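S.K.:
There are 2 protein chains.
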Amino acid sequence: MGFRYDIRLSGSGGQGLILMGIVLAEAIGLYEGKFVAQTQSYGPEARGGSSKAEVVVSDEEIDYPKALKLDLLLCMNQKSCDDFYMDLKPDGLLVVDSTFVTQTPIAKAFEIPFTRIAREKLGKAMAANIVALGAISKLTSIVSSRSLEKALLTRVPKGSEQLNRQALKDGMTAARKALKNAGSQTGNNWVDEEA
Amino acid sequence: MGFRYDIRLSGSGGQGLILMGIVLAEAIGLYEGKFVAQTQSYGPEARGGSSKAEVVVSDEEIDYPKALKLDLLLCMNQKSCDDFYMDLKPDGLLVVDSTFVTQTPIAKAFEIPFTRIAREKLGKAMAANIVALGAISKLTSIVSSRSLEKALLTRVPKGSEQLNRQALKDGMTAARKALKNAGSQTGNNWVDEEA
Chain A
0 MGFRYDIRLS
10 GSGGQGLILM
20 GIVLAEAIGL
30 YEGKFVAQTQ
40 SYGPEARGGS
50 SKAEVVVSDE
60 EIDYPKALKL
70 DLLLCMNQKS
80 CDDFYMDLKP
90 DGLLVVDSTF
100 VTQTPIAKAF
110 EIPFTRIARE
120 KLGKAMAANI
130 VALGAISKLT
140 SIVSSRSLEK
150 ALLTRVPKGS
160 EQLNRQALKD
170 GMTAARKALK
180 NAGSQTGNNW
190 VDEEA
Chain B
0 MGFRYDIRLS
10 GSGGQGLILM
20 GIVLAEAIGL
30 YEGKFVAQTQ
40 SYGPEARGGS
50 SKAEVVVSDE
60 EIDYPKALKL
70 DLLLCMNQKS
80 CDDFYMDLKP
90 DGLLVVDSTF
100 VTQTPIAKAF
110 EIPFTRIARE
120 KLGKAMAANI
130 VALGAISKLT
140 SIVSSRSLEK
150 ALLTRVPKGS
160 EQLNRQALKD
170 GMTAARKALK
180 NAGSQTGNNW
190 VDEEA
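If you read the sequences in order, they're chains A and B.
So for the first sequence, numbering that gives the first Met the number 0 puts the first residue at 0; every next one is plus one.
So for the second sequence, numbering that gives the first Met the number 0 puts the first residue at 0; every next one is plus one.
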């Protein structure tokens, strides 16, 4: 079996997780030459307001497109974090929106306030999903920021390109800080100050 | 094994097939109480401009979310029709956009000029995917027009609700005509005249 990388993006309905999944899948599938399957599932429970989108990346054709054990789990609210962290691989990466996730169930996680950043820096809390995408491109090597921007700009409404580009950038900046802090073992992965 | 219904929406990139897949999946999954998995896959060939979205509907949890033998195949261009008609079940339903599909490979098909209808009736060829969704709600019993409209209106840009509602209606009208003609065995599933 070749390389396979399983991603789940989770949170509540209305946080734009499906758009995130599509943009991430297109960025990797169309611009990085890999095989990608992107899935969302709905069941009777979906009406409760939980939402998730999955992206599976491989260097060969994907037989089973649902995410199995996760290499990357993004949680945009507490419930999704509680529900899904057990699906992570032992060395899987957990990234949470610390605006809403106050109890991170495992020690090794990146806690970045995506929604707060979107609200304070962009004046638009709804852009938190795009801030998170930008962060993912820095925290993992699964997608380049250039592919991500290309895919994103074909999927967003006309006139919102500048906002979305900035949201990606703010996410990357926040991720760089989180990586730096993780390196210095402060236990707090994000700081408010510009440094 | 319970009820399972496999759908593939296919055509070229830019025809809005992924949005169609999401709207159809949300309509069925959120408003009709069924289990639904919605998938798109990208591979090195995707850059050529082909696009497809799949929707699997079941009355129980879906283990394998990729479409298998198809109950419904929508083809928005000739290439997708040529590539995929063999994946239909013997009694599967083929629906084609006859604006672009000039050679239908099987006799039992609904041929409706979705793009022409969108262009002529709505002044917007891009709405062909929504016209096709409206038609699907009349040609199959997999989704009600009410669920479809509800799901659609949460996914389209603000200000475009009226256009999208009308696109659904135009699709339903065209489908009713096609059904009537199929019943009277004229061999031509769509007529231009209003009567």
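Quick reminder that beta carbons are idealized off the backbone N, C-alpha and C, glycines included.
All values reported here derive from a predicted model rather than from experimental measurement.
1) Can you tell me which of B:Leu67, B:Gln102, B:Tyr63 and B:Ala150 puts its alpha carbon nearest to the alpha carbon of Met75 of chain B?
2) Would you mind telling me which residues of chain A sit closer than 8 Å to Glu60 of chain B, beta carbon to beta carbon, in chain order?
3) So is Thr38 of chain A in contact with chain B if we call contact Cβ pairs under 8 Å?
4) Is there contact between the region 94-101 of chain A and the region 58-72 of chain B, where contact requires at least three CB pairs shorter than 8 Å?
5) Using 8 Å as the limit for Cβ to Cβ distance, is Phe113 of chain B near chain A?
6) Taking contact to mean 3 or more Cβ pairs, one atom from each stretch, closer than 8 Å, check whether the region 52-60 of chain A and the region 15-31 of chain A are in contact.
7) Determine, using beta carbons only, whether Leu29 of chain B comes closer than 8 Å to chain A.
8) So Ala166 of chain A packs on Ile129 of chain A, CB below 8 Å; how close in whole Å?
9) Note down, in chain order, each residue of its chain lying with its Cβ closer than 7 Å to the Cβ of Lys78 of chain A, except the 5 sequence neighbours on either side.
10) On the three-state DSSP scale, how would you describe Asn188 of chain B?
11) Do you know how far the Cα of Asp90 of chain A is from the Cα of Lys120 of chain A?
12) By the DSSP assignment, the alpha helix (DSSP H) with Arg175 of chain B in it spans what residues?
13) Identify the contact partners of Gly32 of chain A in chain B, using a Cβ-Cβ distance below 8 Å as the criterion.
14) To the nearest angstrom, how far is it from the Cα of Ser146 of chain B to the Cα of Ser140 of chain B?
15) Whole-angstrom Cβ separation of Lys33 of chain A and Asp58 of chain A, contact assumed at under 8 Å?
16) Could you name the residues of chain B that Val35 of chain A contacts, counting a contact when the two beta carbons are closer than 9 Å?
17) Once you ignore the five residues that flank Thr185 of chain A on each side, which residues in its own chain have a CB closer than 8 Å to its CB?
18) Ile141 of chain B CB to nearest chain A CB: under 8 Å?
19) Taking any Cβ of chain B, which residues in the region 17-28 of chain A have a Cβ under 8 Å from it, in chain order?
20) Looking only at its own chain, which residues have a Cβ that is under 7 Å from the Cβ of Val155 of chain A, when we skip the five neighbours before and after it?
21) Exposed or buried, what is Val190 of chain A when buried is set at 16 or more other beta-carbons lying within 10 Å of its beta-carbon?
22) Listed from N- to C-terminal order along the chain, which residues in the region 150-171 of chain B have their beta-carbon within a distance smaller than 7 Å of any beta-carbon of chain A?
23) Let me know the secondary structure DSSP gives Ala134 of chain B once reduced to three states.
24) Please check if any C-beta of chain B sits within less than 8 Å of the C-beta of Lys51 of chain A.
25) So that I know if they touch, is there some Cβ in chain A lying closer than 8 Å to that of Lys65 of chain B?
26) According to DSSP, simplified to helix, strand and coil, what is Val35 of chain A?
27) Less than 8 Å between the C-beta atoms of Pro104 of chain B and Tyr84 of chain B, yes or no?
M.R.: In short, the structure shows the following:
1) Looking up residue 75 of chain B in the second sequence gives position 76. With distances taken between CA atoms, Met75 of chain B lies nearest to B:Gln102 out of B:Leu67, B:Gln102, B:Tyr63 and B:Ala150.
2) Start at 1 with the first residue of the second sequence, and residue 60 of chain B comes out as number 61. Correct list: Gly42.
3) For the purposes of this step, residue 38 of chain A is taken as the residue at position 39 of the first sequence. It does; some Cβ of chain B falls within 8 Å.
4) Three or more beta-carbon pairs separated by less than 8 Å are not found between the region 94-101 of chain A and the region 58-72 of chain B, which leaves the two stretches without contact.
5) In the second sequence, the residue the question calls residue 113 of chain B occupies position 114. Chain A, which has no Cβ nearer than 8 Å to the Cβ of Phe113 of chain B, makes this no.
6) Yes, they touch.
7) The residue you call residue 29 of chain B lines up with position 30 of the second sequence. Closer than 8 Å to some Cβ of chain A, the Cβ of Leu29 of chain B qualifies, so yes.
8) Here residue 166 of chain A is taken as the residue at index 167 of the first sequence, counted from 1. Here residue 129 of chain A is taken as the residue at index 130 of the first sequence, counted from 1. Contact holds; Cβ gap of about 4 Å.
9) Against the first sequence, residue 78 of chain A aligns to sequence position 79. The answer, listed in chain order, is Ser49.
10) In the second sequence, residue 188 of chain B corresponds to position 189, counting from 1. For Asn188 of chain B, the predicted model reports a pLDDT of 47, less than 50, meaning its position is unreliable; a value from the coordinates is still stated below. Asn188 of chain B falls in the coil class under three-state DSSP.
11) Mapped onto the first sequence, residue 120 of chain A falls at position 121. Mapped onto the first sequence, residue 90 of chain A falls at position 91. Taking the straight line from one Cα to the other gives about 32 Å.
12) Against the second sequence, residue 175 of chain B aligns to sequence position 176. Secondary structure note for Arg175 of chain B: its alpha helix (DSSP H) is the uninterrupted segment Glu160 to Gly182.
13) Counting from 1 along the first sequence, the entry for residue 32 of chain A is found at position 33. Neighbours of Gly32 of chain A on chain B, chain order: Pro43.
14) Your numbering for residue 146 of chain B matches position 147 in the second sequence. Your numbering for residue 140 of chain B matches position 141 in the second sequence. About 12 Å.
15) Working through the first sequence from its first residue, we reach residue 33 of chain A at position 34. Working through the first sequence from its first residue, we reach residue 58 of chain A at position 59. Between Asp58 of chain A and Lys33 of chain A the Cβ distance is about 6 Å, and since that is below 8 Å, they are a contact.
16) In the first sequence, the residue the question calls residue 35 of chain A occupies position 36. For Val35 of chain A, the chain B residues whose Cβ falls inside 9 Å of its Cβ are Gln39, Ser40, Tyr41, Gly42 and Ala45, in order along the chain.
17) As a first step, residue 185 of chain A must be located in the first sequence, where it is residue number 186. Low confidence applies to Thr185 of chain A: its pLDDT is 46, below 50, so where it sits in the model is not reliable, and the reading given next is rough at best. Its chain contains no residue whose beta carbon lies nearer than 8 Å to that of Thr185 of chain A once the 5 sequence neighbours on both sides are disregarded.
18) As a position in the second sequence, residue 141 of chain B is number 142, starting the count at 1. Answer no: the Cβ-Cβ gap between Ile141 of chain B and chain A never drops below 8 Å.
19) Correct list: Ile17, Ile21, Ala24, Glu25, Ile27 and Gly28.
20) Locating residue 155 of chain A in the first sequence gives position 156, counting from the first residue. Contacts found: Asn163.
21) The residue labelled residue 190 of chain A in the question sits at position 191 within the first sequence. Residue confidence for Val190 of chain A is low, a pLDDT of 44 falling below 50, so the modelled location carries little weight; the figure read from the coordinates is stated next. Flag for Val190 of chain A reads exposed.
22) Here the close residues are Pro156.
23) Counted from its first residue, the second sequence places residue 134 of chain B at position 135. Under the three-state reduction of DSSP, Ala134 of chain B is assigned to helix.
24) On the first sequence, residue 51 of chain A is found 52 positions in, with the first residue counted as 1. Not an interface residue.
25) For the purposes of this step, residue 65 of chain B is taken as residue 66 along the second sequence, with counting starting at 1. Answer yes: the Cβ-Cβ gap between Lys65 of chain B and chain A drops below 8 Å somewhere.
26) Taking the first residue of the first sequence as position 1, residue 35 of chain A is located at position 36. In the structure shown, Val35 of chain A falls within a strand segment according to DSSP collapsed to helix, strand and coil.
27) What you label residue 104 of chain B is simply residue 105 of the second sequence in a count that begins at 1. What you label residue 84 of chain B is simply residue 85 of the second sequence in a count that begins at 1. For Pro104 of chain B and Tyr84 of chain B, yes; Cβs fall inside 8 Å.
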